[in-house]
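Structure follows, in structure tokens:
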């Protein structure tokens, strides 16, 4: 576990906001199913090329990876700053560098790098879901097929043959946090019909004070945090954001001075967070310590962290 940034912790009631996929369970096998379902709508030649590319991207170093972004219109891969989405460099799909003046012109940039968000049409690769979509689009897939493949993958994940690899002891950890008076929220971009059955299968139904389905992160998480900070009056040190998709789950909290736990499975060393861990169990262990530690940060102002 590698601390980065503020390490102040509080024994006062916290609000802890958890991601779902990749945070409350650790399976990744379903991504292969998702890629296969996407590929089925391609013609046979394109299907084979897409799945071969998927295996290459998953198995070893490749320019297209989690933490980068993809421009399907130009077939370019963008190296972006995790802190603010500034474009730092661009390569083609095979890794050939695109000259900086060329990509600056393409993205109407000034002073060598565009700022203020990703260029229009560019897909951020925050985890393996969009990675599969990027390859699907590259090999001629139609965007309309993405939602159907996603829903079919979610149905597969409810099948008894699928092992979601629940985090050992997670229900006990969550129950302990709630018994200590902390408020637990789960926020997922997945709609309720697809996410709720898996939450029940994991044995986590009722483990949270609030569940936000279809959260539309990162913007939806930012709105939730602003509600807690501005309308509820909670100090940022008493809010902790936990997740494995940096852009969606962690950065909104970091930008608003909340504490953050980044489950960094893909070695995104440049992504700033309060603490960086390699897996969900390590994240839960850190949270247990943070929840019990004496306050060492700014005054909490005496605000209660009750249900939101």
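Residue numbers (my numbering): 63 to 370.
The C-beta atom is built at its ideal place from N, Cα and C for all residues, glycine as well.
The structure displayed is predicted, hence computed values, not measured ones.
Under 8 Å by Cβ, that's how I've got residue 266 and residue 310 pegged, so tell me the actual separation to the nearest angstrom. The count along the chain shown starts at 1 and reaches residue 266 at position 204. The count along the chain shown starts at 1 and reaches residue 310 at position 248. Actually they do not touch by this definition, with Cβ atoms about 20 Å apart.
For residue 179, does the three-state DSSP call read helix, strand or coil? As a working note, residue 179 is residue 117 in the chain shown. Looking at residue 179 - three-state DSSP - the assignment turns out to be coil, as it is neither helix nor strand.
Burial state of residue 299 (16 or more Cβ within 10 Å): Taking the chain shown and counting its residues from 1, the one referred to as residue 299 is at position 237. Looking at its Cβ environment, which holds 16 or more other Cβ atoms inside 10 Å, residue 299 is buried.
Residue from 123, 323, 215, 233 whose Cα sits closest to the Cα of residue 96: In the chain shown, residue 96 corresponds to position 34, counting from 1. Checking every option, the nearest Cα to that of residue 96 belongs to 215.
Verify whether the separation of the beta carbon atoms of residue 76 and residue 244 is less than 8 Å. Numbered from its first residue, the chain shown carries residue 76 at position 14. Numbered from its first residue, the chain shown carries residue 244 at position 182. In this structure, residue 244 lies closer than 8 Å to residue 76 by Cβ.
Which full runs of the beta strand (DSSP E) of 3+ residues lie inside the segment 173-254, going along the chain? 245-249
Taking all protein chains shown into account, do 16 or more other C-beta atoms lie within 10 angstroms of the C-beta of residue 74, making it buried, or fewer, making it exposed? Numbered from 1 along the chain shown, position 12 holds the residue referred to as residue 74. That one is buried.
Name the residue from 121, 81, 82 whose alpha carbon lies nearest to the alpha carbon of residue 94. Here residue 94 refers to the residue found at position 32 of the chain shown. Checking every option, the nearest Cα to that of residue 94 belongs to 121.
Local Cβ density within 10 Å of residue 158, reported as buried at 16 or more and exposed below that: As a first step, residue 158 is located in the chain shown; it is residue number 96 there, counting from the start. Answer is exposed; the Cβ neighbour count stays below 16.
Along the chain, where does the alpha helix (DSSP H) containing residue 384 start, and where does it finish? Any property of residue 384 remains undetermined from this structure, which presents the chain solely from 63 to 370.
Give the range of the beta strand (DSSP E) segment to which residue 150 is assigned. The count along the chain shown starts at 1 and reaches residue 150 at position 88. Here the beta strand (DSSP E) through residue 150 covers 149-154.
What does DSSP give as the partner residue(s) for residue 272 in the beta ladder? On the chain shown, residue 272 is found 210 positions in, with the first residue counted as 1. Partner(s): 247.
From the DSSP output, in three-state form, read off residue 75 for me. In the chain shown, residue 75 corresponds to position 13, counting from 1. Reduced to three states, the DSSP call for residue 75 is coil.
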